[in-house]
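Residue numbers (the working numbering): 66 to 439.
Glycine included, C-beta positions come from ideal geometry on N, C-alpha and C.
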C-alpha cells in the first residue's frame, strides 16, 4: 500500500508540472516551423539603417554546429581555468589599502541605478533545485527546446535569453514607469527623464540584460532615440554556459526567438538602440580589473546618473569590493536582488596628490528603489 501511495504521489507531482514535457514538444514543433519560415523571408535589419549593432533574426544557419563547438569550448575554458569570478578577494584587499589614503584633491560622485535583468531561461530551469522532480522536468524541457535550435543561430543554453516570465517582468516595469502617479516608481523617474536629470544607459553583453533594458525603457528610447551602451566589463561572473556571450564568442548576435515570437514589433527595433562600447574582450581579466574599467567608463560620461542593466553575482561582488568594509554586512552584499529589482547607490571617485584614483560606494546611499511584484 505504501508503494502504491508513493507511486501516486509521483504521478501527482508530475501532473503539477503543468504538462511541461507536452508543452516542450509543442514548443519544439512550433519553433522549428517558425524558424524555417523566418529563414525563407528577408528581414530588414533596422540596425543597419540607424548604425546600431546588427542583430540577426532566428533562422537556420549552415555554420550553426561549428558555432556551438566554439561556444562549448568557451564555456569549458570559463569553467576550468579562465573563471570569470577570480580576483574578488584581491580587489577587496586593494580597496582596504587605498582607503588608508586621506590626501585626496578632487572628489566626484555619480548616481547608479542598477537593474537586474528579468528571469532568464536558465533561471527558470535551474532555480529552486530542491524540487527534484520539477527540476528534472524543467531540464528535459529546456533540452528539447535546445535540440530544436540545433541547426539554427539561436540558443536557450548559451547566452540564455529572457523566459516568457522575464519578458513580462520587463514589460511590467515599463508599464509602471510610464505611470507618473505610480508610487512604486517614485524614486525612479530619472529612468524616464521625467525628473529632468540626464542619465546614460549601460547594459552587459548578454542578451537577457539587453532585452530587459530595451523593453523596460522602450517609451524613453522611442522618444529620444538614444543609445544603450553595451559594456563587456558588465558580463556576469558566474562560470556557467548561460553567461557565455554570443557577441563576444562567435561575433554574431541573435534576437531571441521568444521575443521575436511574442513581441515582434518591439524586437525588430533592438538593433537601432544598442551601441557597442570601445574596449577589448575582458573575460580573461580578474574581477577587480573589469570593475575598475567600468568605473572609469562611468566617470567619463557627462551625465550625473547612470542606468545599468546587469547581473546579480556581478552586483554582489561589486558591492563587496567598493563598499567600505564596515558596511559590507548589509543584505545586498549577501543576497541577490530579484529579477528587474533596482538598486540605487552613489559611486564616489577620489583623486589623490600622487595621481592615484580611489572609488568607493557611499553606504548611506544604497537603497532598493524598485521591487518587482513577480
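Asked                                                                                                                                                                               : Found
Nearest to residue 334 by CA position, among 346, 298, 373, 291, is which residue?                                                                                                  : 291
Which of the three DSSP states, helix, strand or coil, is assigned to residue 443?                                                                                                  : Nothing can be reported for residue 443: it is not among the residues displayed for the chain, which extend from 66 to 439.
Does DSSP put residue 227 in a helix, in a strand, or in coil?                                                                                                                      : strand
Give me, in chain order, the residues of the same chain whose beta-carbon lies closer than 6 Å to that of residue 355; leave out the 5 immediate sequence neighbours on both sides. : 298, 347
What's the gap between the Cα of residue 271 and the Cα of residue 224?                                                                                                             : 6 Å
Starting from residue 173, trace the beta strand (DSSP E) in both directions and tell me its first and last residue.                                                                : 169-181
For residue 257, which residues in the same chain have their Cβ closer than 6 Å to its Cβ, ignoring the five residues on either side in sequence?                                   : 242, 285
Which of the three DSSP states is assigned to residue 163 in this structure?                                                                                                        : helix
Quick one: Cα of residue 277 to Cα of residue 293, how far?                                                                                                                         : 11 Å
Would you please state the rounded distance, in angstroms, between the beta carbons of residue 404 and residue 182? I believe it to be under 8 Å.                                   : 7 Å
Assign residue 262 to one of three DSSP states: helix, strand, or coil.                                                                                                             : coil
Should the stretch 361-369 be called in touch with the stretch 301-312, which here means at least 3 C-beta pairs below 8 Å?                                                         : no
Quick one, are the C-beta atoms of residue 320 and residue 232 less than 8 Å apart?                                                                                                 : no
Pairs of beta-carbons, one from the stretch 209-228 and one from the stretch 408-419, closer than 8 Å: are there three or more?                                                     : no
Can you give the beta carbon distance from residue 199 to residue 351, rounded, assuming they're within the 8 Å contact cut?                                                        : In fact, because the Cβ distance is near 37 Å, the residues do not count as touching under 8 Å.
Would DSSP call residue 100 helix, strand or coil?                                                                                                                                  : Residue placement at residue 100 cannot be trusted, given a pLDDT of 48 that sits under 50; the coordinates are not used to answer.
Mind checking which residues open and close the alpha helix (DSSP H) that includes residue 132?                                                                                     : 129-145
Does the beta-carbon of residue 438 have 16 or more other beta-carbons within 10 angstroms, so that it is buried, or is it exposed?                                                 : exposed
Between which residues of its own chain and residue 436 is the CB-CB distance below 6 Å, once the five residues before and five after are set aside?                                : 406
Nearest to residue 332 by CA position, among 342, 302, 279, 377, is which residue?                                                                                                  : 279
What whole-angstrom Cβ distance do residue 219 and residue 322 have, given they're in contact under 8 Å?                                                                            : 5 Å
Please report the distance separating the alpha-carbon of residue 138 from that of residue 226.                                                                                     : 20 Å
Confirm, please, whether the CB-CB distance from residue 267 to residue 425 is below 8 Å.                                                                                           : no
Would you mind listing the beta strand (DSSP E) stretches within the stretch 298-379 that are 3+ residues and don't spill past its ends, in chain order?                            : 339-341, 370-375
Ignore the nearest five residues each way along the sequence and tell me which others in residue 160's own chain have a CB closer than 7 Å to its CB.                               : 386, 387
Ends of the alpha helix (DSSP H) at residue 278?                                                                                                                                    : 272-281
Go ahead and label residue 315 buried or exposed: buried means 16 or more other beta carbons lie within 10 angstroms of its beta carbon, across all protein chains shown.           : buried
Just mark residue 383 as buried or exposed, buried being the case when its beta carbon has 16 or more other beta carbons within 10 Å.                                               : buried
Assuming residue 265 contacts residue 368 under a Cβ cut-off of 8 Å, what Cβ separation, rounded to an integer in Å, is found between them?                                         : 4 Å
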